[in-house]
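Numbering-wise, the sequence shown is residues 1 to 82 according to UniProt numbering.
Glycine included, every Cβ here is placed at the ideal spot set by N, Cα and C.
First up is the structure itself, then whatever we jot down about it.
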Amino acid sequence: MTTPTTAPQSGTTVEERVDYRLDEGDHERFAHYVTSAEALMQAMVEGTPVQALCGKVWVPSRDPQRFPICPTCKEIADSLED
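What follows is the structure, encoded as structure tokens:
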């Protein structure tokens with residue numbers, strides 16, 4: 001993802017690149033919890049990655065109700081409620 005910005009002193013446009021490292025593996029079989037519903041909605045609209053409680057980084061694009069809850073995310077969420 002690139003974000004064009006203007007350098008304040010030179011008036012030159014500078015392109016900043018963000019290198020997202022998306023996770024692979026068994027995490028794709030689960031629905032995950034994130035810390036903020038707003039961050040999730042923004043990620044879905046903009047197509048940018050979000051980080052789950054378990055640490056997985058992914059671009060949300062699937063219906064989470066079709067998948068079981070990630071056991072690690074659930075465990076973390078339950079511990080935060082206490």
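| Asked | Found |
| --- | --- |
| Host alpha helix (DSSP H) of I76 (start-end) | 71-81 |
| Cβ contact check for the region 27-36 and the region 59-74: 3 or more pairs under 8 Å | yes |
| Pair within 8 Å by beta-carbon distance, V57 and A43 | no |
| C-alpha gap between M41 and S79, whole angstroms | 24 Å |
| Proximity to S61 [Cα-Cα], best of E38, A39, V45 | V45 |
| Local conformation of V50 per DSSP, three classes | strand |
| For L53 and P64, the rounded distance between their alpha carbons | 15 Å |
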